[in-house]
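Reading through the C-alpha cells given below for one structure.
There are 2 protein chains.
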Amino acid sequence: MTTVSAHGARPARDTRQRRAVEAALGRADGFRSAQDIHADLRAAGQRVGLTTVYRALQALADTGSVDTLRADDGENLYRRCGSVSHHHHLVCRGCGLTVEVESTAVERWAEGIAARHGFTEIRHSVEVSGSCTGCARAGSGIR
Amino acid sequence: MTTVSAHGARPARDTRQRRAVEAALGRADGFRSAQDIHADLRAAGQRVGLTTVYRALQALADTGSVDTLRADDGENLYRRCGSVSHHHHLVCRGCGLTVEVESTAVERWAEGIAARHGFTEIRHSVEVSGSCTGCARAGSGIR
DNA sequence: CTGCATGCAAAATGTTTGCACTCTA
DNA sequence: TAGAGTGCAAACATTTTGCATGCAG
C-alpha cells in the first residue's frame with residue numbers, strides 16, 4: 000500500500016453515466032458485479048461503456064460509498080451500503096440476499112490475535128454465507 | 000457446485016510432477032500461487048507444466064491437504080497446512096509470513112448471527128492481514 | 001478553455017479446457 | 001493395457017490501459 004488515503008477521495012465529476020451507475024446500484028438489493036451493472040444499465044436503455052462502469056464503481060469504492068466483496072469465483076461485487084460504519088456481510092449463496100452485520104466482538108478478536116503476534120496495520124475481512132430461509136426451502140439450488 | 004464431495008476425494012495417481020508440486024509447497028513457508036509454484040519448480044530445474052500445477056494444487060485442495068486463500072488481487076494461494084482442523088490465517092502483507100490461528104469464538108459468532116437471520120448451510124471465511132514485526136520495522140514496503 | 005471523464009479496442013492476468021500423447025497402477 | 005495424468009496451445013472471463021474525443025466546471 001503506497002500512501003493510500005482510504006475513504007475520502009476527491010469529489011469526482013458529476014456525469015450522466017456516473018449517476019446511472021449509482022442509480023443502478025441503488026435499485027439492486029444485493030451485490031452486483033461490474034458486468035451485472037453494465038447489463039442492467041444496457042437493459043434499461045442507458046448506454047454506458049463497460050470501462051466506465053468499472054471506473055465509476057472503483058471510484059465509489061474509494062469514496063467509501065459502496066461496499067466491496069469478492070465472490071468465490073473472483074469477481075468483484077459492489078453494493079451501496081446503508082451503514083457507513085464498519086460491518087460485515089451475511090450473504091445467501093442462493094439468491095444473493097445480503098444482510099449487513101456488525102460485530103465489535105470480531106473486530107476486537109482480530110485486533111487481539113494480530114497484536115499477540117506482533118502484527119500492525121491490521122486489516123481484516125470476514126464473510127459469512129449460507130442459504131436463506133427462502134432458498135433453503137426451495138431445495139438449495141446453491142451456487 | 001454440482002455434487003461435490005468435500006475433502007476425501009480419490010487417492011490420485013503418484014507422479015513425478017505431483018510430487019514436485021507437493022515438495023515445492025512443503026519448501027515454502029507462506030502462501031504461494033500456482034504461478035509461484037510453477038516458477039519455483041522451473042527455477043529448481045524441475046520441468047512441470049503450468050496446467051499441471053494448477054490441476055495438482057486443485058486436487059490437493061480437494062483432498063484437504065492444502066489450505067486455500069484468495070489474495071486481494073484475486074489470485075488463488077495455496078499452502079500446506081499443519082493443523083487439519085478448521086482455522087484462519089494471519090498473513091503479513093509484506094513478506095507473506097503466515098500464522099494459523101484458531102478461534103472457536105469466531106466460529107460461534109458466525110453460526111450465531113447466521114442462525115439469527117434464518118440462514119443455514121453456513122460457510123465463513125475470515126482473513127486477517129497486517130504487517131509483521133520485521134516488515135513494520137523495514138518501513139512497510141507493503142503490497 | 002482546461003483537463004477530467006468517456007468509450008472503444010487492445011492488452012494483461014489468472015485460470016480452464018480440448019486433445020493427443022505418456023506413464024502409472 | 002486401460003485410463004488417469006500431462007502439457008501445449010487456444011479459449012475464457014474479468015479487469016486494466018492507451019488514446020482520441022467529449023463534456024463538466
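Chains A and B supply the protein sequences, listed in that same order. Residues in the first sequence are numbered from 0 upward in steps of one, following numbering that gives the first Met the number 0. Residues in the second sequence are numbered from 0 upward in steps of one, following numbering that gives the first Met the number 0. In this text, a Cβ means the ideal position worked out from N, Cα and C, and glycines have one as well. Just so it is clear, the structure is predicted and the values come from calculations on it, not from any experiment.
**Asked** Which residue spans inside the segment 33 to 78 of chain A form an unbroken beta strand (DSSP E) run of at least 3?
**Response** Here the runs fully enclosed are 65 to 69.
query: Ordered along the chain, which non-local residues of its own chain (more than five positions away) have a Cβ less than 6 Å from that of L24 of chain B?
result: For L24 of chain B, where only same-chain residues beyond five positions count, the Cβ hits under 6 Å are R79.
For chain B, check one thing: does any of its Cβ atoms lie closer than 9 Å to the Cβ of S32 of chain A?
no
Chain-ordered neighbours of G29 of chain B on chain A, where CB pairs are closer than 7 Å: Those do not exist, as G29 of chain B stays about 14 Å from chain A at its closest Cβ, beyond 7 Å.
**Proximal chain A residues relative to L89 of chain B, where beta-carbon distance stays under 8 Å** = I112, A113, H116, F118
- Query: What do you reckon, are the CB atoms on L56 of chain B and I36 of chain B nearer than 9 Å?
  - Reply: In contact: L56 of chain B and I36 of chain B (Cβ atoms closer than 9 Å).
Contacts around D28 of chain B, its chain only, beta-carbon distance under 8 Å, and the 5 residues preceding and following it disregarded:
For D28 of chain B, the CB contacts under 8 Å within the same chain, skipping 5 residues up- and downstream, are G95, L96, T97 in chain order.
- Message: Can you check which of these residues, A:L49, A:Y77, A:D71, A:G48, is closest to R26 of chain A by C-alpha distance?
- Response: A:Y77
Inset, instruction - Put T119 of chain B into one of helix, strand or coil per three-state DSSP. - result: strand
Q.
Assuming contact is defined by CB atoms lying nearer than 9 Å, are V125 of chain B and V105 of chain A in contact in what I supplied?
A. yes
Checklist line | Residue nearest to A33 of chain B in terms of C-alpha spacing, selected from B:S102, B:E74, B:R15 | finding: Taking only the C-alpha atoms, the option nearest A33 of chain B is B:E74.
| query | Per DSSP, what kind of secondary structure is R31 of chain A in: helix, strand or coil? | reply | strand
Suppose contacts are defined by Cβ-Cβ distances below 9 Å. Is G117 of chain B in contact with C131 of chain A by that definition? yes
- Query: Taking the C-alpha atoms as reference points, what is the distance between A38 of chain B and A60 of chain B?
  - Reply: 20 Å
So, helix, strand or coil for G129 of chain B, using DSSP? DSSP, read as helix, strand or coil, puts G129 of chain B in strand.
#### Entry: Continuous alpha helix (DSSP H) stretch holding L24 of chain B: start and end
15 to 26
**Where C94 of chain A falls: helix, strand or coil (DSSP)** = Coil at C94 of chain A, not helix or strand.
- Item | 8 Å contact criterion, which I121 of chain A and G129 of chain B should meet: CB distance rounded | That belief holds up - the Cβ atoms of I121 of chain A and G129 of chain B are roughly 4 Å apart, short of 8 Å.
Interface flag, V20 of chain A vs chain B, CB-CB below 9 Å: no
- prompt: DSSP beta-bridge partners for S124 of chain B?
  reply: Under DSSP, the beta-bridge partners assigned to S124 of chain B are A:E126.
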